[in-house]
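The number in the working numbering is simply the position in the sequence shown, starting from 1, with 606 added. What follows is a single structure, written as structure tokens, with notes after it.
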Amino acid sequence: MSNTTTSALPTFTREIHLAARPNGAPVAGDFALVERELAELAQGQILVRNTWMSVDPYMRGRMDDKVTYIPPFELGAALDGSAIGEVIASRSADIAVGATVSHFAGWREHAIVDAATVIDTDLAAPQHFLGVLGTTGLTAYAALTEVAPVKPGDTVFISAAAGAVGSVAGQIAKALGAKRVIGSAGGAVKTRKLLADFGFDAAIDYRAGDLAGQLATAAPEGIDVYLDSVGGEHLKVAIEALEQHGRVALVGAISGYNGTTTQQTPDLYLAATKEITLRGMLVTSYFPIFAEYITKAATWLADGTLHTTETVYEGLNQAPAALLGVLTGANTGKMLVRLA
Ligand code: NAP
């Protein structure tokens, strides 16, 4: 529906800018809350009132002045990332006022975008499209079906297991027929949750020390698949515990994102002699199976196969705290900011 607007449209919005590049761990002063006038909509554009935004560990890397697989955030400009919102004005022939959409202009209360995906809110609550039905859920699914496929009877080890990817991954591993699923997380509250809510068979508190010993106790016969979100000591210990022809999905390496700690190095010769497959992944490469995954995961959510949780910070001004929090373990399940 073209040229459609609702009454009383905002003329200003607020957004979070990158004020400084961090030196090690980011701090609140690296961000600034800025008010800005909204431009007129051009033909084809929509104005979205953002209701939810995603906060993800990869955003830490974008705060550095380094080009990786994704450009860095610009100093003095708004950050971006996945968000959900309601269309409040439209000059698009394809997206009507009132639609709920997902797009990539988060970190602001209102977004003017050229393209967005209309989401089906009959399928699940809108914020699920940033978590279990979003790229975090797809990451867990692709990691365990395509990158390091789980076979029935496997023993699977998952790090950052109480987080967004990890908590879904444990349950997907079970649904794929894993015999035993072991998760590691920081602290007793999270490890209890792994067992009580997320269907893990064993839980390791990596902050309690002796990661290798705890993994040996949890998996006395070794592991077949490891989903690595952490890197460093976790990857080293997992390679030591993997069976011949073990598989590793290299999903993330959060223990090194601030670059402040000396990382333990995995023994790649041991990986060679065990004929281990170590395979990296970017979730964007699995967008061709996104629709198939959403259908499957929505069914799993509805029939109780998948249980999810979220940690919600309220208001745009809390978004920097949410990012600092996701990097230090303040979240269980998906870290989100509710904007309205
Ligand atoms: P998340 O797990 O919800 O949050 C990050 C968690 O990491 C924290 O809650 C914290 O939990 C844990 N953590 C922080 N520092 C740690 C350390 N030094 N050692 C061990 N654990 C630590 O985040 P997510 O969005 O699901 O992402 C998980 C991982 O997947 C990240 O590495 C991310 O970069 C990666 N990822 C990759 C892709 C891809 O396309 N390759 C896509 C999505 C996510 P504790 O309290 O347990 O420490």
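Note that the Cβ used here is the ideal one computed from N, Cα and C, for glycine as well. These numbers come from a predicted model, not from an experiment.
Beta-carbon spacing of residue i, residue j below 9 Å
i, j, result
"residue 660", "residue 940", "yes"
"residue 697", "residue 645", "no"
"residue 759", "residue 784", "yes"
"residue 772", "residue 935", "no"
"residue 791", "residue 768", "yes"
"residue 828", "residue 852", "yes"
"residue 616", "residue 670", "no"
"residue 740", "residue 763", "no"
"residue 856", "residue 819", "no"
"residue 658", "residue 945", "yes"
"residue 902", "residue 747", "yes"
"residue 848", "residue 863", "no"
"residue 620", "residue 715", "yes"
"residue 799", "residue 915", "yes"
"residue 928", "residue 634", "no"
"residue 875", "residue 745", "no"
"residue 679", "residue 639", "no"
"residue 787", "residue 808", "yes"
"residue 835", "residue 858", "yes"
"residue 881", "residue 850", "yes"
Residue range of the unbroken beta strand (DSSP E) whose run includes residue i
i, result
"residue 708", "706 to 709"
"residue 820", "Residue 820 -> not in any beta strand (DSSP E); alpha helix (DSSP H) instead, spanning 817 to 824."
"residue 927", "Note, residue 927: premise wrong, no beta strand (DSSP E); alpha helix (DSSP H) at 925 to 934."
"residue 624", "618 to 624"
"residue 689", "689 to 696"
"residue 944", "940 to 944"
"residue 806", "Note, residue 806: premise wrong, no beta strand (DSSP E); not H, not E."
"residue 606", "Absent from the model: residue 606. The displayed extent of the chain is 607 to 946, so no value can be given."
Cβ-heavy atom distance, residue i to the ligand FAD, below 8 Å
i, result
"residue 663", "Within the structure as shown, the ligand FAD is missing, the only ligands being the ligand NAP."
Residue i: CB within 8 Å of a non-hydrogen atom of the ligand NAP
i, result
"residue 913", "no"
"residue 887", "yes"
"residue 842", "no"
"residue 708", "no"
"residue 689", "no"
"residue 919", "no"
"residue 604", "Residue 604 lies beyond the range of the chain shown here (607 to 946); nothing can be said about it."
"residue 659", "no"
"residue 813", "yes"
"residue 703", "no"
"residue 772", "yes"
"residue 793", "yes"
"residue 941", "yes"
"residue 871", "no"
"residue 769", "yes"
"residue 765", "yes"
"residue 868", "no"
"residue 796", "yes"
"residue 860", "yes"
"residue 750", "no"
"residue 936", "yes"
"residue 653", "no"
"residue 838", "yes"
Rounded Cβ spacing between residue i and residue j (contact assumed at less than 8 Å)
i, j, result
"residue 713", "residue 845", "Contact flag wrong, Cβ pair sits at about 37 Å."
"residue 652", "residue 690", "Wrong, their Cβ atoms sit about 13 Å apart, outside the cutoff."
"residue 738", "residue 912", "6 Å"
"residue 777", "residue 804", "6 Å"
"residue 761", "residue 662", "That pair is no contact at about 28 Å."
"residue 711", "residue 686", "6 Å"
Element boundaries [alpha helix (DSSP H), containing residue i]
i, result
"residue 673", "That residue, residue 673, is in no alpha helix (DSSP H); it is neither H nor E in DSSP."
"residue 947", "Nothing can be reported for residue 947, as the shown portion of the chain is limited to 607 through 946."
"residue 880", "No alpha helix (DSSP H) contains residue 880, which DSSP labels as neither H nor E."
"residue 774", "770 to 781"
"residue 665", "664 to 668"
"residue 838", "838 to 847"
"residue 902", "896 to 908"
"residue 744", "741 to 748"
Residue-chain proximity (residue i, chain B), Cβ-Cβ < 9 Å
i, result
"residue 682", "In the displayed structure, chain B is absent; only one protein chain is listed."
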